[in-house]
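In my numbering, the protein residues as written are 83 to 295. Heads up, the beta-carbon is just placed ideally off N, CA and C, and yes, glycines get one too.
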């Protein structure tokens, strides 16, 4: 209900019209404004610092303790999961950070936005049978809130939260492989097709934006 309320308050004509029409408030093409609002922005020094700090903390926090005691890291499990994880990470960040968090932030402030984004990220993983314990849900809430904090600290830059999430997803996958759905060649093909479609949609947005300028 909160995201729906945010969308209702955002424009008197409803969100779909923002995608295809011009924004009357600032004169900017709606396609460009929407892409910028969900975080498709060029990263600067601040964004790179935030990205590096969160990646070192999240990835190092998982790998260093295991490597310190000589535990073998099963890197051989990663290749089959790379493309599906890229796809799911994009959708997670686009939905929970770019779409939901940015709108809740405008209406209610950054603290509720981070908490709701983290909670939705956590509850979303109930769809995975291997992540349904209370320990997993609470951990995922903390992780999702961390991604949300990275998004906020980077100036709502979706590229930062995506590349904070992605290495974490890779490491979590190889360390908790048995909790994930089985990745097959068909999973990679389906994910690759989806990523191509996403790229085409974003390219259409960019071209439409350039024609209006």
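Residue 221 versus residue 281 - alpha carbon distance: 32 Å
Nearest-angstrom Cα separation, counted from residue 175 out to residue 224: Taking the straight line from one Cα to the other gives about 15 Å.
Candidates 161, 133, 128 and 117: closest to residue 253 by CA position: 161
C-alpha gap between residue 151 and residue 236, whole angstroms: Distance from the CA atom of residue 151 to the CA atom of residue 236, rounded to whole angstroms, is 34 Å.
For residue 122 and residue 216, the rounded distance between their alpha carbons: 34 Å
Bounding residues of the alpha helix (DSSP H) (the contiguous stretch that carries residue 236): Taken as a continuous stretch (DSSP letters only), residue 236 belongs to no alpha helix (DSSP H), as it is neither H nor E.
Per-residue burial, residue 233 [other beta carbons within 10 Å of its own, 16 or more giving buried]: Residue 233 sits buried, since 16 or more C-beta atoms from the chains shown fall within 10 Å of its C-beta.
Coil, strand or helix - residue 276 by DSSP: helix
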